[in-house]
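Enquirer: Using the working numbering, read the sequence shown as starting at 154 and increasing by one per residue. Ideal placement from N, C-alpha and C gives every residue a C-beta, glycine not left out.
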Amino acid sequence: MLIERLAQMYVHWGNPGQTGEQGRRKDQSVLALHQFLEVIEETSEDRKALFTQSQQSRRKAMKLSYLLLASETEPEAIFDAFLRSGLLSSGQRSNKPEVLLWLAGTEAIARGIHPYIVFLIMSAYFGLEIAESEFRWLRERSKSSNIKLEEFIVPGDLTDTIGEALKEPRRLQRTIRVAGMPLSASAFAGCSLYYIEKILALVGPIGALILTEMIISARKRLVSDEISTAQQAFLDLFTQEETEPKMPEEERKTGLEAFEEQGLPDPDLIRTTTNIVMYAEAKILKSTLSSMSDSEIASLLRCLEAIAHERLLNLISPGRQKRVLMVIQKTEDVVHGQMLRDAQLFTQKLLAAYAPKKLKPGVTLSIPEELRKLISSLLSRE
Numbered sequence: 154m155l156i157e158r159l160a161q162m163y164v165h166w167g168n169p170g171q172t173g174e175q176g177r178r179k180d181q182s183v184l185a186l187h188q189f190l191e192v193i194e195e196t197s198e199d200r201k202a203l204f205t206q207s208q209q210s211r212r213k214a215m216k217l218s219y220l221l222l223a224s225e226t227e228p229e230a231i232f233d234a235f236l237r238s239g240l241l242s243s244g245q246r247s248n249k250p251e252v253l254l255w256l257a258g259t260e261a262i263a264r265g266i267h268p269y270i271v272f273l274i275m276s277a278y279f280g281l282e283i284a285e286s287e288f289r290w291l292r293e294r295s296k297s298s299n300i301k302l303e304e305f306i307v308p309g310d311l312t313d314t315i316g317e318a319l320k321e322p323r324r325l326q327r328t329i330r331v332a333g334m335p336l337s338a339s340a341f342a343g344c345s346l347y348y349i350e351k352i353l354a355l356v357g358p359i360g361a362l363i364l365t366e367m368i369i370s371a372r373k374r375l376v377s378d379e380i381s382t383a384q385q386a387f388l389d390l391f392t393q394e395e396t397e398p399k400m401p402e403e404e405r406k407t408g409l410e411a412f413e414e415q416g417l418p419d420p421d422l423i424r425t426t427t428n429i430v431m432y433a434e435a436k437i438l439k440s441t442l443s444s445m446s447d448s449e450i451a452s453l454l455r456c457l458e459a460i461a462h463e464r465l466l467n468l469i470s471p472g473r474q475k476r477v478l479m480v481i482q483k484t485e486d487v488v489h490g491q492m493l494r495d496a497q498l499f500t501q502k503l504l505a506a507y508a509p510k511k512l513k514p515g516v517t518l519s520i521p522e523e524l525r526k527l528i529s530s531l532l533s534r535e
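1. Assuming K213 contacts F279 under a Cβ cut-off of 8 Å, what Cβ separation, rounded to an integer in Å, is found between them?
2. May I ask you to report which of helix, strand or coil DSSP gives L468?
3. Tell me whether the region 266-274 and the region 190-201 touch, counting them as touching only if at least three CB pairs, one residue from each stretch, are closer than 8 Å.
4. Assign E366 to one of two classes, buried (16 or more other C-beta atoms within 10 Å of its C-beta) or exposed (fewer than that).
5. Here's the rule I'm using: 16 or more other beta-carbon atoms within 10 Å means buried, otherwise exposed. How should K320 be labelled?
6. Please check the pair A340 and L311, which I expect to be a contact at CB under 8 Å, by giving their CB distance rounded to whole angstroms.
7. For the candidate residues R374, R534, E350 and Q384, whose alpha-carbon lies nearest to that of I423?
8. Helix, strand or coil, according to DSSP, for K351 in the structure here?
9. Only counting the same chain, and skipping five residues up and downstream in sequence, which positions put a Cβ closer than 7 Å to that of A461?
10. Output the distance between the C-alpha atoms of A505 and L498, rounded to the nearest integer angstrom.
11. Is DSSP giving K301 helix, strand or coil here?
12. Going by DSSP in three states, Y269 sits in which element: helix, strand or coil?
13. Judging by CA-CA distance, which residue of K201, S337, R292 and Q491 is the nearest neighbour of L478?
14. Indicate whether Q385 and G309 have their beta-carbon atoms separated by less than 8 Å.
15. Using 8 Å as the Cβ pair cut-off and three pairs as the minimum, do the region 246-266 and the region 223-237 touch?
16. Between F387 and T328, is the Cβ-Cβ spacing less than 8 Å?
17. Which class does M492 belong to by DSSP, given the choice of helix, strand or coil?
18. Exposed or buried, A318, counting other C-beta atoms within 10 Å across all chains shown (16 or more means buried)?
19. Give the DSSP-derived three-state secondary structure of K320 in the structure shown.
20. Are there 16 or more other CB atoms within 10 angstroms of the CB of Y219, so buried, or fewer, so exposed?
21. Going by other Cβ atoms of all chains shown within 10 Å of its Cβ, with 16 needed for buried, is E373 buried or exposed?
22. Would you kindly report the start and end of the unbroken alpha helix (DSSP H) that includes E229?
23. Within 10 angstroms of the Cβ of Q181, are there 16 or more other Cβ atoms? Answer buried if so, exposed if not.
24. Output yes or no for whether 8 Å exceeds the beta carbon distance between E463 and G357.
25. Helix, strand or coil for S286 per DSSP?
26. Shortest alpha-carbon distance to T196 belongs to which of A185, R211, A223 and E522?
So, in structure tokens, the structure goes:
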């Protein structure tokens, strides 16, 4: 994700390093990123508090960033907001690199990307040397925060089998990606510290920082029964990741028929459905989820990347989150064809949520063009 987001910034918005932003000004910009990270973390439960931060900020781009996040502006509208502000006009050319930096960071936070990842994306925009130094700073900051994991074990099947699961690290890594950080953290919250440390080594240094904080948070807000439910849901996903037994050579099939029959997930389907979830307006998405059953939401989660899991789960109540996890626990493996039907059902409901109660003939739904293309692409699949 980090490389993908950084590449998008360079392709669409250029490279600040080529515009002469050096020396003292660059140092000030990096310090502003430190402040941004701290403020975003402090206001994670109450984005309205960013209105106060916007009044205290002297940087115009930073002030606008806080205002947009405080008002929970949709990600797709953030670029237009920066454009209308005049900060990207030709008369502001000398400040354009900094403005583009804050534009990218604001859009990423609005999409629900973790603040650590956003910070690394933004700091990497200044070049490899600063990216490495800021990553080291982030790690040291995490170590000095006095946030440490303590032993806390919740009995359950995952607790009993995690040792065996660690013998298949690649399969465990895939399951963590499919489950997403929130569900994974809730499941691991009840595991032995010995095993958690081994899991943290699997997800890499950035993932370890994020997962550690999420595990601590999960332990504070979840009761033992909820952790047990998350453990069972994660274990079910891990079981589904089990490699299919090899077939004799003469029984193997090739081409699309074999792909579908083995029930392997279609990466393009997952990517398309994920993009639809990330592009859709929050209020429309919330309305769509309210029209879906718990089982339909559980099925949809199987068609999404981890980044979209977090956004969906944040739009439903904690009680419903628990019910959805219980459905996942009881659901059997799904084949590619079923995943496509689940994704298309969600997309149809999303379209219905975009449509006004009385749609006049010939009137086009007010759906962003990029989202319209994704929806059309998904619904045209067979």
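Expert: This is what the structure holds:
1. About 19 Å; that fails the 8 Å criterion.
2. coil
3. yes
4. buried
5. exposed
6. 6 Å
7. R534
8. helix
9. T427, V430 and M431
10. 11 Å
11. coil
12. helix
13. S337
14. yes
15. yes
16. yes
17. helix
18. buried
19. coil
20. buried
21. Note that residue 373 is Lys in the sequence shown here, rather than Glu. K373 comes out exposed.
22. P228 to R237
23. exposed
24. no
25. helix
26. A223
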